[in-house]
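Read the structure below first, then the notes.
There are 2 protein chains.
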Amino acid sequence: MYISNRAKRLLNSPIRKLVPFANAAKKAGKKVYHLNIGQPDIATSEHFLEAIRNYDAKVIAYGDSKGDPKLIEAICKYYRQYGADYSPEHVHITNGGSEALQLAVETTCDPGDEVILFEPFYANYSTFVNQTNARVVTVSTSVENGYRLPPRDVVERSITSNTTAIIITNPGNPTGLVLTKKEMRMISDLVLKYDLALIVDEVYREFCYEGEFKSFSSMPELDDHLIMVDSVSKRYSACGARIGCLICKNALFNQQIIKFCQARLCCPTLEMLGATALYDTDAQYFADVKKEYQKRRDTLVECMGKLPGVQFGVPQGAFYMMVKFPVDDAEKFAIWLLQDFDVDGETVMFAPGNGFYGNPNFGQQEARLAYVINSEDIKKAVYILGEALKNYPGRTK
Amino acid sequence: MYISNRAKRLLNSPIRKLVPFANAAKKAGKKVYHLNIGQPDIATSEHFLEAIRNYDAKVIAYGDSKGDPKLIEAICKYYRQYGADYSPEHVHITNGGSEALQLAVETTCDPGDEVILFEPFYANYSTFVNQTNARVVTVSTSVENGYRLPPRDVVERSITSNTTAIIITNPGNPTGLVLTKKEMRMISDLVLKYDLALIVDEVYREFCYEGEFKSFSSMPELDDHLIMVDSVSKRYSACGARIGCLICKNALFNQQIIKFCQARLCCPTLEMLGATALYDTDAQYFADVKKEYQKRRDTLVECMGKLPGVQFGVPQGAFYMMVKFPVDDAEKFAIWLLQDFDVDGETVMFAPGNGFYGNPNFGQQEARLAYVINSEDIKKAVYILGEALKNYPGRTK
Numbered sequence: 000m001y002i003s004n005r006a007k008r009l010l011n012s013p014i015r016k017l018v019p020f021a022n023a024a025k026k027a028g029k030k031v032y033h034l035n036i037g038q039p040d041i042a043t044s045e046h047f048l049e050a051i052r053n054y055d056a057k058v059i060a061y062g063d064s065k066g067d068p069k070l071i072e073a074i075c076k077y078y079r080q081y082g083a084d085y086s087p088e089h090v091h092i093t094n095g096g097s098e099a100l101q102l103a104v105e106t107t108c109d110p111g112d113e114v115i116l117f118e119p120f121y122a123n124y125s126t127f128v129n130q131t132n133a134r135v136v137t138v139s140t141s142v143e144n145g146y147r148l149p150p151r152d153v154v155e156r157s158i159t160s161n162t163t164a165i166i167i168t169n170p171g172n173p174t175g176l177v178l179t180k181k182e183m184r185m186i187s188d189l190v191l192k193y194d195l196a197l198i199v200d201e202v203y204r205e206f207c208y209e210g211e212f213k214s215f216s217s218m219p220e221l222d223d224h225l226i227m228v229d230s231v232s233k234r235y236s237a238c239g240a241r242i243g244c245l246i247c248k249n250a251l252f253n254q255q256i257i258k259f260c261q262a263r264l265c266c267p268t269l270e271m272l273g274a275t276a277l278y279d280t281d282a283q284y285f286a287d288v289k290k291e292y293q294k295r296r297d298t299l300v301e302c303m304g305k306l307p308g309v310q311f312g313v314p315q316g317a318f319y320m321m322v323k324f325p326v327d328d329a330e331k332f333a334i335w336l337l338q339d340f341d342v343d344g345e346t347v348m349f350a351p352g353n354g355f356y357g358n359p360n361f362g363q364q365e366a367r368l369a370y371v372i373n374s375e376d377i378k379k380a381v382y383i384l385g386e387a388l389k390n391y392p393g394r395t396k
Numbered sequence: 000m001y002i003s004n005r006a007k008r009l010l011n012s013p014i015r016k017l018v019p020f021a022n023a024a025k026k027a028g029k030k031v032y033h034l035n036i037g038q039p040d041i042a043t044s045e046h047f048l049e050a051i052r053n054y055d056a057k058v059i060a061y062g063d064s065k066g067d068p069k070l071i072e073a074i075c076k077y078y079r080q081y082g083a084d085y086s087p088e089h090v091h092i093t094n095g096g097s098e099a100l101q102l103a104v105e106t107t108c109d110p111g112d113e114v115i116l117f118e119p120f121y122a123n124y125s126t127f128v129n130q131t132n133a134r135v136v137t138v139s140t141s142v143e144n145g146y147r148l149p150p151r152d153v154v155e156r157s158i159t160s161n162t163t164a165i166i167i168t169n170p171g172n173p174t175g176l177v178l179t180k181k182e183m184r185m186i187s188d189l190v191l192k193y194d195l196a197l198i199v200d201e202v203y204r205e206f207c208y209e210g211e212f213k214s215f216s217s218m219p220e221l222d223d224h225l226i227m228v229d230s231v232s233k234r235y236s237a238c239g240a241r242i243g244c245l246i247c248k249n250a251l252f253n254q255q256i257i258k259f260c261q262a263r264l265c266c267p268t269l270e271m272l273g274a275t276a277l278y279d280t281d282a283q284y285f286a287d288v289k290k291e292y293q294k295r296r297d298t299l300v301e302c303m304g305k306l307p308g309v310q311f312g313v314p315q316g317a318f319y320m321m322v323k324f325p326v327d328d329a330e331k332f333a334i335w336l337l338q339d340f341d342v343d344g345e346t347v348m349f350a351p352g353n354g355f356y357g358n359p360n361f362g363q364q365e366a367r368l369a370y371v372i373n374s375e376d377i378k379k380a381v382y383i384l385g386e387a388l389k390n391y392p393g394r395t396k
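These protein sequence lines map, in sequence, to chains A and B.
Numbered according to numbering that gives the first Met the number 0, the first sequence spans residues 0 to 396.
Numbered according to numbering that gives the first Met the number 0, the second sequence spans residues 0 to 396.
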């Protein structure tokens, strides 16, 4: 039986591939602080389960392929409060932001087409591009420069006649970078000059701790090029609901996307019901959640700043930080932490950084830390990291 | 902005593309009998909502990429009662049978590879193949022959050096065909001779009304080639739950498939919980449901048999029938029924047949009828079809 090159070429998720080591550590009695995955411990807004518990139809029937009209209306309303004027024909509900990204790539890329990613990037972007046999072209950013975007000419050099799309997150995963207006204008100019699709993942838009978050949806010149990816996962701490959406004003794109949606029939009926109710969550919930994340970020930044030889970009948004450890190889360091190290029976798990780069030789000293655990646990986790760095045999300086 | 050829090449779902006409008919006050979509009116097993209502965790968290271990165990147990010996490493939970099919194709086909479908086929098979830039190669069956598979040499002629997989449903959608042991051996021989993947959709396995359903999983010689697609949608009348699975004993396949699963993170946490509970449904539920469908099938077969000039294959399983109408074009006939015809304010919707063929010039007089409405409504719907055939301007004989 033939196994496709498409499949073989994909990499295991850097966020999940060390799970077997973590499970072994737990089995051996160790407590593991999880900094590897963006699974918040924040309670899901109660509206979600309440709506589902009140569901009383006898048949859990197929929904609309485009998505539940009430959910679509709730999303339009959400965007209107930020001045973005979307109507129901612009919105398609998807199985999480993940499917939205897949469908956006499938609709804008043929095999061999090129998609630009700023590295380090959310690892699954690369998987979704490879899944369609398009090619990832990376533009590098670095810890030394706080992971800020490079100048326009550097980005422009990566565009070829095969480039069809740019994918970018804002606020950024894994860097926590919030784009400046200047960076956004630079991208917008290139998108218009080369007639590209701009696939923008703004799922962390409510989580901005420094400066001002500005959405690409506020730039009307992008209307025909902008494909927005959104999700309830992080905003309402409902990752397991798997409800996201694609938002786009390009009519030709929307004509095509519905065919993909029809083929997979629909998103789960109950989850769409729960997600609709989430949009009734009041502003205080966001204010509280944002305050909590800000506290965690401040704690992480303060504690990490005290570790000798460790470099990082201060995250302005989302809930991730990219760090560069003074070690030979961050993946080896991660495995060593799980297998061979503990402080009073406790250790730490993080996502090795090279999985967030297009070239596996890049980011080898780096790691992504998710600050989705409480501040006290963050302090303990960073203390353990500090002790580990003193003892790790592969320490480089 | 570039729109991919992949997207443009896809067809609108024949099952859903006439929905706007149906909506207009309803708006104009007509009652529409829906024979177009396989959405049963049978009540979902109560275990589903009960399990979800009892969920009391504070956070709706990400699940395992491979699927909830309890659900996987329930699926293994279900198969064991039929003598199929699957263990948890052979099972991956998917977003409905739809995602299972997509992932199976993505893992076994590169662009340009060929997948064999017996036409008429479930239309979305072709979409999933085209979505990956693989090619559909069809082997025709016909109403005149009761949609039975052609002889081995005809099937073998369609296999080339680019063929990597065969996709087949059993019991069949849209024909209701249940494969004979001889047909299954013929397919199995060819799969082994040419080292192909056999992607088998057995989601209707509980619905067999004539003869004996035999699963491909009962043929151990296929162990390294068989990729089973299953789903709770039809079996438990839980189409809107969107929980399916991929079952395969080929270790290399399973090594690859997990990478796709990791990229889209997980299936919905609550739906997996509900689906797990569905597997506790007792045998009486199936017996009752099967009896009900059998009654509907018998009613449909009897009533359709009285319409002059109409040919059809008697379905042995599932809940669909392919019919050939004495009309110029079944799609025009379907639109005419919705727009221009009614009997006492009532009309009928069905899925035009050409969408179930690889060549759009095939099946133009055919239609798929889903007998998912009760027997009294089936009688009324067929009566309306009969009256419509007397009055339709495009009647051919």
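Ideal Cβ placement from N, Cα and C applies to all residues, glycine included.
#1: Would you identify the three-state DSSP class for M271 of chain B, choosing helix, strand or coil?
#2: Mind reading off the beta-carbon distance from G243 of chain A to V228 of chain A? Whole number of angstroms is fine, and I expect it under 8 Å.
#3: Would you please verify whether the beta carbon of M0 of chain A is less than 8 Å from any beta carbon of chain B?
#4: Whose C-beta lies closer than 7 Å to the C-beta of I256 of chain A among residues of the same chain, with five residues either side of it excluded?
#5: What separation, rounded to the nearest whole angstrom, lies between the Cα atoms of V300 of chain A and N249 of chain A?
#6: Do the region 212-228 of chain A and the region 184-201 of chain A meet, that is, are 3 or more Cβ pairs less than 8 Å apart?
#7: For L245 of chain A, return the contacting residues in chain B, with the cut-off set at a CB-CB distance below 8 Å.
#8: Could you name the residues that DSSP lists as bridge partners for H91 of chain B?
#9: Return the Cβ separation of D376 of chain B and Y32 of chain B in integer angstroms, given the expectation that the two are a contact with Cβ distance under 8 Å.
#10: When DSSP labels each residue in this structure, what does L277 of chain A get in the three-state scheme?
#11: Which residues does DSSP pair with L116 of chain A in a beta bridge?
#12: With respect to the beta strand (DSSP E) encompassing I198 of chain A, which residues constitute its N-terminal and C-terminal limits?
#13: Could you confirm whether any beta carbon from chain B is found closer than 8 Å to the beta carbon of K7 of chain A?
#14: With DSSP as the reference, please indicate the residues paired to C207 of chain B in a beta bridge.
#15: I want to know whether the region 199-206 of chain A touches the region 229-238 of chain B - three or more CB-CB distances under 8 Å.
#16: Which residue from B:I186, B:Y146 and B:Y121 puts its Cα closest to that of D152 of chain B?
#17: Between T43 of chain A and chain B, is there a C-beta pair that is closer than 8 Å?
#18: Tell me which same chain residues have a C-beta within less than 8 Å of the C-beta of Y61 of chain B, skipping the five on either side of it?
#19: Residues bridged to A24 of chain B by DSSP?
#20: What would DSSP say about D339 of chain B, mapped onto helix, strand or coil?
#21: Residues in the region 51-74 of chain A with C-beta within 8 Å of chain B's C-beta atoms, listed in sequence order?
#22: Could you spell out the range, first to last residue, of the beta strand (DSSP E) harbouring V347 of chain B?
#23: Here's a check: name, in chain order, each residue in its chain whose Cβ is nearer than 7 Å to the Cβ of Y81 of chain A, leaving out the five neighbours to either side.
#24: Here's a check: name, in chain order, each residue in its chain whose Cβ is nearer than 7 Å to the Cβ of E220 of chain B, leaving out the five neighbours to either side.
#25: Look up E365 of chain A in the DSSP assignment and say whether it is helix, strand or coil.
#26: Please report the straight-line C-alpha distance between L17 of chain B and V322 of chain B, rounded to a whole angstrom.
#27: Going by the beta-carbon positions, is the gap between E113 of chain A and T159 of chain A smaller than 8 Å?
#28: Which residues in the same chain as K29 of chain A place their Cβ atom closer than 7 Å to its Cβ, once the five residues preceding and following it in sequence are excluded?
#29: Anything in the region 25-36 of chain B with a Cβ closer than 9 Å to a Cβ of chain A? List those residues in chain order, please.
#30: Please identify the residue among B:K69, B:G66, B:Q38 and B:C75 whose C-alpha is closest to the C-alpha of I59 of chain A.
#31: Give the single residue among A:P359, A:A329, A:I51 and A:K305 whose Cα lies nearest to the Cα of P397 of chain A.
#32: If we ignore side chains and look at the alpha-carbon of each, how far apart do I165 of chain B and R156 of chain B end up?
#33: Any idea if S441 of chain B is buried or exposed, counting beta-carbon neighbours within 10 angstroms, 16 or more meaning buried?
#34: Using C-beta distances below 8 Å, list every residue in its chain close to V142 of chain B, excluding the 5 sequence neighbours before and after it, in chain order.
#35: Taking the straight line between their C-alpha atoms, what separation do you get for S163 of chain A and M0 of chain B?
In brief:
#1: Residue state, collapsed to three classes: helix.
#2: The Cβ separation is near 7 Å, so the contact holds.
#3: Using a CB distance cut-off of 8 Å, M0 of chain A counts as an interface residue toward chain B.
#4: Only H91, L102, T106 and L245 meet the Cβ criterion.
#5: Going from the Cα of V300 of chain A to the Cα of N249 of chain A covers about 41 Å.
#6: For the pair of segments examined, the region 212-228 of chain A was found to touch the region 184-201 of chain A: the number of CB pairs separated by less than 8 Å reaches three.
#7: The premise fails here: L245 of chain A is roughly 13 Å from chain B at the closest Cβ pair, so nothing lies under 8 Å.
#8: By DSSP's assignment, H91 of chain B forms a beta bridge with B:L245.
#9: Contact annotation, D376 of chain B with Y32 of chain B: C-beta distance approximately 6 Å; criterion of less than 8 Å satisfied.
#10: When DSSP states are grouped into helix, strand and coil, L277 of chain A belongs to the helix group.
#11: Looking at the DSSP output, L116 of chain A sits in a beta bridge with A:T137 and A:I166.
#12: Counting along the chain, I198 of chain A sits inside the beta strand (DSSP E) bounded by residues A196 to D200.
#13: Yes, contact with chain B.
#14: According to DSSP, residue pairing for C207 of chain B in a beta bridge involves B:G316.
#15: The region 199-206 of chain A, when compared against the region 229-238 of chain B, does not touch it at the 8 Å Cβ threshold.
#16: Minimum Cα distance to D152 of chain B is reached at B:I186.
#17: Chain B contact via Cβ: present.
#18: Its chain contains L264, C265 and T268 as the residues whose beta carbon lies nearer than 8 Å to that of Y61 of chain B, once the 5 sequence neighbours on both sides are disregarded; these appear in chain order.
#19: The partner list for A24 of chain B (beta bridge, DSSP) is empty, contrary to what the question assumes.
#20: It is helical.
#21: Those would be I51, R52, Y54, K57, V58, I59, A60, Y61, G62 and S64, in chain order.
#22: Residues E345 to M348.
#23: So the list reads S214, once near-sequence residues are dropped.
#24: Within the same chain, E220 of chain B has close Cβ partners S187 and L191.
#25: It is a strand residue.
#26: The alpha-carbon atoms of L17 of chain B and V322 of chain B are separated by roughly 18 Å.
#27: Yes, Cβ-Cβ distance for E113 of chain A and T159 of chain A is below 8 Å.
#28: The answer, listed in chain order, is D341, G344, E345 and T346.
#29: I36: these are the residues of the region 25-36 of chain B whose beta carbon lies less than 9 Å from some beta carbon of chain A, given in chain order.
#30: Here the closest residue by C-alpha is B:Q38.
#31: Not covered by the structure: residue 397 of chain A. The range shown for chain A is 0 to 396.
#32: Distance between the alpha carbons of I165 of chain B and R156 of chain B is about 13 Å.
#33: No information on residue 441 of chain B is available, as it lies outside the stretch 0 to 396 that chain B covers here.
#34: Cβ-Cβ distances below 8 Å link V142 of chain B to Q310, F311, G312, M321, V322, K323 and E365 in the same chain, with the five nearest sequence neighbours on each side left out; the list follows chain order.
#35: Reading off the sequence shown, one finds Thr at residue 163 of chain A, where the question assumed Ser. Rounded to the nearest whole angstrom, the CA to CA distance from T163 of chain A to M0 of chain B is 7 Å.
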